[in-house]
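S.K.: Please read through the structure below; I'll follow up with questions.
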Amino acid sequence: MVGIKAHSNEHGWEIFVTMNDRGARLSPIDLLKGHLIEKAARDRTDLNTRWREMLTELSALDPRAPADFIETLLLAKYAKVDEPEDRTRVLQASHEWVRTNPDQMGLRTSDDYRRFLTVTVTQLAGRYRTLRAAATRSDPEFAHVRYNATNNLDQQYMLILAATNPNDQEGEFRRKTQLISSFLDLIYIRQLVNGTISRPGELDDYVYELTQELRSVDTSDSLADVLSRRLAEIPDEFQGMTNFGLQTDNRSQVRYLLARITAFVETDCEQQRTELEEFLRYVAGEKPFEIEHIWANKFERHQSEVKTESEFRSIRNRLGGLILLPKSDNASFNADTYPEKLPHYFRQNMLAKSLNKDSYKRFPSYNKFRKRHQLEKLMGHYDEFTASSIKERQQLYIRLCEIVWDPEKLGFSIPKSMSRQRRQARRTRANYDVSLGDLITAGFLRSDHKIIGRHKGTTHHAVVHNDGKVEVSTGELFPSPSRAAMYAVNRQSCNGWTFWKLADDASTTLADVRAQALASGKLDTARQLTIP
């Protein structure tokens, strides 16, 4: 037994907040609680009880949830999220960040600390708990929270807390949540299908910038105005997905997109489930659905209209050549021809059924659906499924995406007169965090500069566009040279900076161009010119 003597009440409290009853070091959450309650100066028992209740309720979701909440709250409301160093300090030691940044949090008096504990933390912990629970459920009022969770868009919690006031009424909180979660889902999908981004983390810089703006938003109406303006600034539209399809590293995103449009068609025709419930049946049901290629992987069947295997692979993987089927059915088709598979499609979901002419006779809801959404010219059956059929089907899917992700239906009003200018994220780059867009701005590459890459005796051609995207010869767009190279050689990884060379100087790789730009010192100036 070891005795510890406290010289005063304050000294005793200091001992308590750094040691538990077994003399072991406390967690960052406990240290934060101790610091906050100590600064609150009175009502310590009540504050301690409230804190423990908050921890218990959050921990019921996930043992990590209390720490996640504190970090999310600090990033959403107080930290300088546009500064990587400040974000890192919050994530590495949230209790230390709070202790050293009281002014940034508006904590100056003991009353400030008590108000922070009893109002801000208590109320927003409840909101955070609601959001985290919604991410695992099928509540239609929080549908987009669940959609974003499927795509690992955890940035939504920070954005929602940034715009949420502790005293918001339930209806106001729900509307703010719907606006932010649907906005994030919309910009993610638009940028994904246009080749602007390829994974959720690539939205981080944009989200951090938006977080700071949302802190000053008061009402849901003003939030809708801010997000509507932001949507108008994003140039990516669904019309840009003409060549979008399945690639080596985007299967989950393609499955998500197919599930969303399939669920929409199914529920709009049948109305037996909510759209969210139907979506979850495809992506999280007991019998999982898989991506089905309407064309079997048989190049020789299509050589009359497709000249090369790479072109065949590109067309076969286009979104318009894909549907969702139960795993067992998908596996049973093997290399069946389209006419052999067509009767089986008739027994599947409504979007798959639409390929079969009997669907338009047997299901009156089909024709009502087509008329309701003005799809008569786009939605039809196919007795044979050719490359032209895939192109036509791609246009149908584009229109379905425009309906599912219609900004007005989601609560946004896009200003017609606003020009679409991409907002450049303010960020600190690492030495080699250089984009092709940077090289074009600095004058080291031209807009529409042609590049080539060779692999196993095949020469692959591509073009670098003014926005830094790479377009390969079959039309697909990619946000980086490496992703374009991965697609070209059909591998899970490939360094595009060394794979691609300048077509007008085959001895110079993109890595060589990047090295020249870094050595010149012109990149920093060029980057500053792109930031408004």
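Note that the UniProt record's numbering numbers the sequence shown so that position 175 is 175, with each residue one more than the last. All C-beta atoms, glycine included, are put in the ideal place defined by N, C-alpha and C.
1) In the DSSP assignment, what residue or residues form a beta bridge with V464?
2) N356 and F346 look like a contact to me (Cβ under 8 Å); what is the Cβ gap, rounded to whole Å?
3) If we require 3 or more residues per run, which beta strand (DSSP E) segments fall completely within the stretch 321 to 362?
4) CA-CA distance, A425 and L186?
5) How should R514 be labelled, buried or exposed, when 16 other C-beta atoms within 10 angstroms of its C-beta is the threshold for buried?
6) Could you check if Q239 is buried or exposed, using at least 16 other CB atoms within 10 Å of its CB as the buried criterion?
7) Just to confirm the assignment: which complete alpha helix (DSSP H) runs, minimum length 4, are found wholly within the stretch 40 to 64?
8) Does the Cβ of R64 have 16 or more other Cβ atoms within 10 Å, making it buried, or fewer, making it exposed?
9) What do you get for D336, buried or exposed, if any count of 16 or more other CB atoms within 10 angstroms of its CB means buried?
10) Can you tell me whether E290 is helix, strand or coil according to DSSP?
11) If you drop the 5 nearest sequence neighbours on each side, which residues of the same chain put their C-beta closer than 6 Å to that of A511?
12) Among all the DSSP beta bridges, which residues are the ones paired with T458?
13) Considering only C-alpha positions, which residue in the set S482, A488, D467 and N466 is nearest to G475?
14) Tell me whether L477 sits in a helix, a strand or coil according to DSSP, three-state version.
15) From the DSSP secondary-structure annotation, give me the bridge partner or partners of T150.
16) Quick check: what's the CA-CA separation for A41 versus E170?
17) Taking S220 as the reference, which of G201, Q272, I160 and L436 has the closest Cα?
18) Taking 6 Å as the limit between beta carbons, can you name the residues of its chain near R427, skipping five residues before and five after?
19) Exposed or buried, V254, counting other C-beta atoms within 10 Å across all chains shown (16 or more means buried)?
20) DSSP on G380, reduced to helix/strand/coil?
21) Exposed or buried, E275, counting other C-beta atoms within 10 Å across all chains shown (16 or more means buried)?
22) Going by DSSP in three states, T118 sits in which element: helix, strand or coil?
23) State the start and end residues of the unbroken alpha helix (DSSP H) segment that holds A162.
24) Does the beta-carbon of Q348 have 16 or more other beta-carbons within 10 angstroms, so that it is buried, or is it exposed?
25) Once you ignore the five residues that flank G195 on each side, which residues in its own chain have a CB closer than 6 Å to its CB?
26) Less than 6 Å between C-beta atoms, sequence neighbours within five positions excluded: which residues of the same chain meet that for L280?
27) Assign S94 to one of three DSSP states: helix, strand, or coil.
28) Just how far apart, CA to CA, sit N495 and D433?
29) Mapping DSSP to helix, strand and coil, what is D68?
30) Would you tell me roughly how many angstroms separate the C-alpha atoms of S310 and S252, rounded to the nearest one?
31) One question on the structure: do E290 and L325 come within less than 8 Å of each other, judged by their Cβ atoms?
32) Got a sec, what are the start and stop residues for the beta strand (DSSP E) S507 sits in?
33) Counting Cβ pairs closer than 8 Å, one from the stretch 312 to 325 and one from the stretch 383 to 392, do we hit at least three?
34) Exposed or buried, A519, counting other C-beta atoms within 10 Å across all chains shown (16 or more means buried)?
35) Between I261 and F116, what straight-line distance do the alpha-carbon atoms span, to the nearest angstrom?
36) Using the Cβ count rule (16 or more neighbours within 10 Å means buried), how would you classify Q155?
M.R.: The short version:
1) For this step, residue 464 is matched to residue 464 along the sequence shown. H449 and V470, per the DSSP bridge assignment.
2) By 1-based counting over the sequence shown, the position of residue 356 is 356. By 1-based counting over the sequence shown, the position of residue 346 is 346. Their Cβ separation, rounded to whole angstroms, is 4 Å, which keeps N356 and F346 in contact under 8 Å.
3) As far as the stretch 321 to 362 is concerned, its whole beta strand (DSSP E) runs of at least 3 residues are 322 to 326.
4) On the sequence shown, position 425 is the one that residue 425 refers to. On the sequence shown, position 186 is the one that residue 186 refers to. Confidence in A425 is poor, its pLDDT being 38 and thus under 50, which makes the residue's placement unreliable; the coordinate value appears in the next sentence. Answer to the nearest angstrom: the Cα atoms are 18 Å apart.
5) Looking up residue 514 in the sequence shown gives position 514. R514 comes out buried.
6) Numbered from 1 along the sequence shown, position 239 holds the residue referred to as residue 239. Exposed, by the Cβ-count rule.
7) The stretch 40 to 64 is shown to contain whole alpha helix (DSSP H) runs of 4 or more residues at 44 to 59, in chain order.
8) Mapped onto the sequence shown, residue 64 falls at position 64. Looking at its Cβ environment, which holds fewer than 16 other Cβ atoms inside 10 Å, R64 is exposed.
9) In the sequence shown, counting from the first residue as 1, residue 336 sits at position 336. Burial call: exposed.
10) Translated into positions along the sequence shown, residue 290 becomes position 290. Taken through DSSP and simplified to helix, strand or coil, E290 comes out as strand.
11) The sequence position of residue 511 within the sequence shown is 511, counting from 1. Cβ within range, chain order: W497 and T498.
12) For this step, residue 458 is matched to residue 458 along the sequence shown. Looking at the DSSP assignment, T458 forms a beta bridge with H455.
13) As a first step, residue 475 is located in the sequence shown; it is residue number 475 there, counting from the start. Per the Cα distances, A488.
14) Counting from one through the sequence shown, the residue named residue 477 turns up at place 477. Note: L477 maps to strand in three-state DSSP.
15) Within the sequence shown, numbered from 1, the residue matching residue 150 stands at position 150. Beta bridge pairing from DSSP links T150 with no other residue.
16) One-based indexing of the sequence shown puts residue 41 at position 41. One-based indexing of the sequence shown puts residue 170 at position 170. Spanning the two alpha carbons is a distance of roughly 32 Å.
17) Walking along the sequence shown from the start, residue 220 turns up at place 220. Selected option, being the one with the closest Cα: I160.
18) For the purposes of this step, residue 427 is taken as residue 427 along the sequence shown, with counting starting at 1. At R427, the pLDDT of 37 sits below 50, so the modelled position is not reliable; the number obtained from the coordinates is stated separately. Within the same chain, R427 has close Cβ partners D205.
19) Taking the sequence shown and counting its residues from 1, the one referred to as residue 254 is at position 254. Result: buried.
20) Stepping through the sequence shown from its first residue, residue 380 is reached at position 380. It is coil, neither helix nor strand.
21) Here residue 275 is taken as the residue at index 275 of the sequence shown, counted from 1. So E275 counts as buried.
22) By 1-based counting over the sequence shown, the position of residue 118 is 118. Helix.
23) Taking the sequence shown and counting its residues from 1, one reaches residue 162 at position 162. First-last of the alpha helix (DSSP H) with A162: Q155 to A163.
24) Position 348 of the sequence shown, counting from 1, holds the residue named residue 348. Buried: at least 16 other Cβ atoms inside 10 Å.
25) Start at 1 with the first residue of the sequence shown, and residue 195 comes out as number 195. In the same chain as G195, and ignoring 5 residues on each side of it, the C-beta atoms closer than 6 Å to its own belong to K469, L477, F478 and P479, in chain order.
26) Position 280 of the sequence shown holds residue 280. Excluding sequence neighbours, L280 sits near S138.
27) Counted from its first residue, the sequence shown places residue 94 at position 94. DSSP places S94 in helix when its eight states are reduced to three.
28) Counting from one through the sequence shown, the residue named residue 495 turns up at place 495. Counting from one through the sequence shown, the residue named residue 433 turns up at place 433. When the Cα atoms are used, N495 and D433 turn out to be separated by approximately 14 Å.
29) To locate residue 68, count along the sequence shown from 1; it is residue 68. Three-state DSSP puts D68 in a helix.
30) Within the sequence shown, residue 310 is the residue found at index 310, counting from 1. Within the sequence shown, residue 252 is the residue found at index 252, counting from 1. S310 and S252 have their alpha carbons spaced roughly 22 Å apart.
31) The sequence position of residue 290 within the sequence shown is 290, counting from 1. The sequence position of residue 325 within the sequence shown is 325, counting from 1. At a Cβ-Cβ threshold of 8 Å, E290 and L325 count as neighbours.
32) By one-based count along the sequence shown, residue 507 stands at place 507. From DSSP, the beta strand (DSSP E) with S507 extends over D505 to T509.
33) These segments touch.
34) On the sequence shown, position 519 is the one that residue 519 refers to. By the neighbour-count rule (16 or more Cβ atoms within 10 Å), A519 is not buried but exposed.
35) Indexing the sequence shown from 1 puts residue 261 at position 261. Indexing the sequence shown from 1 puts residue 116 at position 116. Between I261 and F116, the C-alpha separation is close to 43 Å.
36) Along the sequence shown, read from residue 1 onward, the residue named residue 155 stands at position 155. By the 10 Å Cβ count, Q155 comes out buried.
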